[in-house]
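What follows is a short report on a single structure.
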Amino acid sequence: MLITTGKVNNGVIQIDSKDLPDGTNVTLLAHEGDETFELDARQETELLAVIAEANRGELVDGASIFKYGRQDA
1 MLITTGKVNN GVIQIDSKDL PDGTNVTLLA HEGDETFELD ARQETELLAV
51 IAEANRGELV DGASIFKYGR QDA
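Take the sequence shown: its letter number 68 is residue 68 in our numbering, and every next letter is one higher.
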């Protein structure tokens, strides 16, 4: 799994990443104005903890997650 950013120009989505080969299926999430979200104290603590893990490089790539899920099926 890869997270990247991009922009729409003249109705065409231009993605910043060069790591996606032709034919790759993607899911898009688009910002709508000044959209925000709210977290309760527990959710904020969890979010900050996983951000800290990611900043330390404690990551699992998406392919590994999907592979693990298929083995359990």
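Even for Gly, the Cβ is constructed at its ideal location relative to N, Cα and C.
- Query: Among all the DSSP beta bridges, which residues are the ones paired with lysine 7?
  - Reply: Gln14
- Near threonine 5, which residues of its chain fall below 6 Å by C-beta distance, leaving aside the five closest residues on each side in sequence? Asp16.
- Are the Cβ atoms of asparagine 22 and leucine 2 separated by less than 9 Å? Going by the sequence as given, residue 22 is aspartate instead of asparagine. Not in contact: aspartate 22 and leucine 2 (Cβ atoms no closer than 9 Å).
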